[in-house]
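Here the protein sequences come in this chain order: D and C. For the record, in the first sequence the residue sitting at position 141 is 669 according to this note's numbering, with numbers rising by one throughout. For the record, in the second sequence the residue sitting at position 101 is 109 according to this note's numbering, with numbers rising by one throughout. Accompanying notes for the structure given below.
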Amino acid sequence: MIVAERKPMAEIIGMVKDCSKVLVLACRGCVTVCSAGGEREAAALASLIRLGMKKEGKAIQVIEGSLVRQCDKEYIDAIDEWDGQYDAIVSTACGVGVNFIANLRKETMVYPALNTTFFGGSAEQGIWTEQCAGCGNCVLHLTGGLCPVARCAKSLMNGPCGGSVGGRCEINKDTECIWQSIHDRLGSFGKQSQMETIAPIRDWSTAGHGGPRKSVRNDLTL
Amino acid sequence: MSFEPKITLFSCHYASQQSCAEKGKELQQLGFPASINLVRVPCTGKVQVTTLLQAFEDGADGVYVVGCPVDGCHNVKGSVRAAKRVAAVKKALEELDVESGRIEMFHLPRGLHPEFVATGLAMDKKIRALGPSPFQS
């Protein structure tokens, strides 16, 4: 899922300080699962905006709404339901949702309530960890299913750097050295020798270094 | 001008049994502050962040939660969950540049005990010292 976390309230209050009515718009997709921007978090944010503005001596009307997702046109169209009831939308979706609202609603001011952080999973309740960088050229079949692009601090492709000590990363001791883990995991299948194959210099154009990416499925387009 | 605080207390059924004693009069007789509005909940684990924020929106100068002891919650982890939500609201108050001490969590034993009144008196004293909520303007 896409993982995100709420921006500091001072930043959000700064966005809406000149508004007299805002729509806090939750997303029932990834950000609900990572407890950053679902209906419950949007309700708390709406309350905090009201309190923060009251503290500044400003009146604001805050209404709440939610969409199934904010990354599909048919769901964005449902925003019509709140037409005329807000000066701006504060979206609790990931950055994709905010962009989609901006793309599709030319007259609507939209602000992000979240910082979109990474593609990850829930390691345990309340803790999410990055697992994938969306680099567009997956090598997981060569690395025992563990991603060196997302999970090595240096995105190294040919084994660990010299700073790996005791299976921990030199950048952050709380982080496992993913190359150590790849070695150990391949070893458990008797496939350590896979690591002796030199990975070629990587073409990072698929990772966004070649500009915004686009995926087309001609069997689905209309 | 004297300040009479409004304090909202969310207490679990078990920690607030004292409020039922003597047909509800015992707390009053023991000097429990009149500034405190007691809201009994089946378990403090049911109290959401939004519930706590709503109390401030409704005009509370201070809010506190009383749940079971950490290692003795009737519902196993209810009061621990409540403590984490109180901590989340404390952080949010700090982000809004408001004193985080306006909200507190207490873990108290069940039944009739003096600590229930003592925490009420302590919160009353603290909120009086902090003054009116900055959300009242």
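Every residue gets a Cβ at the ideal spot worked out from N, C-alpha and C, and that includes glycine.
Would DSSP call residue 699(D) helix, strand or coil?
On the first sequence, residue 699(D) is found 171 positions in, with the first residue counted as 1. Here residue 699(D) sits in coil by DSSP.
Could you please give the first and the last residue of the uninterrupted alpha helix (DSSP H) stretch that includes residue 87(C)?
Locating residue 87(C) in the second sequence gives position 79, where the first residue counts as 1. It spans 86-103 - the alpha helix (DSSP H) in which residue 87(C) sits, taken as one unbroken run.
Using 8 angstroms as the cut-off, can you tell me whether the segment 591-604 of chain D makes contact with the segment 551-561 of chain D, which would need three or more C-beta pairs spanning the two stretches below that distance?
yes
What does residue 103(C) touch in chain D if you count any residue whose Cβ is under 7 angstroms from its own?
Against the second sequence, residue 103(C) aligns to sequence position 95. Within 7 angstroms Cβ-Cβ: 536, 537 and 538.
Quick one: using the 10 Å Cβ neighbour count with 16 as the cut-off for buried, is residue 756(D) buried or exposed?
This structure does not reach residue 756(D), given that chain D is present from 529 up to 750, and the question cannot be answered.
Quick one: what's residue 44(C) bridged to in DSSP?
Reading the second sequence from its first residue, position 36 is the one you call residue 44(C). For residue 44(C), which the question treats as bridged, DSSP gives the partners 15(C).
Please classify residue 655(D) as buried or exposed, where buried requires at least 16 neighbouring CB atoms within 10 angstroms.
Position 127 of the first sequence holds residue 655(D). Exposed, since its Cβ has fewer than 16 Cβ neighbours within 10 Å.
Flag residue 142(C) as yes if its beta-carbon sits less than 7 angstroms from any beta-carbon of chain D, otherwise no.
Position 134 of the second sequence holds residue 142(C). At least one chain D Cβ lies under 7 angstroms of residue 142(C).
Can you list, in chain order, the residues of its chain whose CB lies under 8 angstroms from that of residue 60(C), leaving out five sequence neighbours each side?
Taking the second sequence and counting its residues from 1, one reaches residue 60(C) at position 52. Contacts found: 18, 71, 73, 93, 94, 97 and 111.
Going straight from the alpha carbon of residue 40(C) to that of residue 542(D), what length do you get?
As a working note, residue 40(C) is residue 32 in the second sequence. As a working note, residue 542(D) is residue 14 in the first sequence. Each residue's Cα considered, the two are about 41 angstroms apart.
Against residue 575(D), what residues of chain C qualify as contacts under a CB-to-CB distance less than 7 angstroms, listed in chain order?
Within the first sequence, the letter at position 47 stands for residue 575(D). Neighbours of residue 575(D) on chain C, chain order: 58, 61, 62 and 65.
Is the segment 44-52 of chain C close to the segment 73-82 of chain C, with three or more CB pairs under 8 angstroms?
yes
Skipping 5 residues on each side, what residues in its chain have a beta carbon closer than 8 angstroms to that of residue 89(C)?
On the second sequence, residue 89(C) is found 81 positions in, with the first residue counted as 1. Closer than 8 angstroms at the Cβ level, and outside the excluded window around residue 89(C), lie 52 and 53.
Among 677(D), 664(D), 685(D) and 545(D), which has the Cα closest to the Cα of residue 617(D)?
Here residue 617(D) is taken as the residue at index 89 of the first sequence, counted from 1. Per the Cα distances, 545(D).
Give the straight-line distance between the Cα atoms of residue 613(D) and residue 624(D), rounded to the nearest whole angstrom.
Working through the first sequence from its first residue, we reach residue 613(D) at position 85. Working through the first sequence from its first residue, we reach residue 624(D) at position 96. Using only the alpha carbons, I get a separation of about 23 angstroms.
Would you call the segment 603-612 of chain D and the segment 562-573 of chain D in contact, with 3 or more CB pairs under 8 angstroms?
no
I'd like the list of long-range same chain contacts for residue 571(D), defined as Cβ closer than 7 angstroms, with 5 residues on each side in sequence excluded.
Working through the first sequence from its first residue, we reach residue 571(D) at position 43. Answer for residue 571(D): 592, listed in chain order.
Should the segment 714-730 of chain D be called in touch with the segment 672-692 of chain D, which here means at least 3 C-beta pairs below 8 angstroms?
yes
Where the beta strand (DSSP E) through residue 610(D) begins and ends
The residue labelled residue 610(D) in the question sits at position 82 within the first sequence. Note, residue 610(D): premise wrong, no beta strand (DSSP E); not H, not E.
What's the gap between the Cα of residue 34(C) and the Cα of residue 600(D)?
Here residue 34(C) refers to the residue found at position 26 of the second sequence. Here residue 600(D) refers to the residue found at position 72 of the first sequence. Taking the straight line joining both Cα atoms gives about 59 angstroms.
Give a yes or no on whether the C-beta atoms belonging to residue 580(D) and residue 537(D) are separated by under 7 angstroms.
In the first sequence, counting from the first residue as 1, residue 580(D) sits at position 52. In the first sequence, counting from the first residue as 1, residue 537(D) sits at position 9. Yes, Cβ-Cβ distance for residue 580(D) and residue 537(D) is below 7 angstroms.
Return the Cβ separation of residue 700(D) and residue 533(D) in integer angstroms, given the expectation that the two are a contact with Cβ distance under 8 angstroms.
As a first step, residue 700(D) must be located in the first sequence, where it is residue number 172. As a first step, residue 533(D) must be located in the first sequence, where it is residue number 5. The Cβ separation is near 18 angstroms, so there is no contact.
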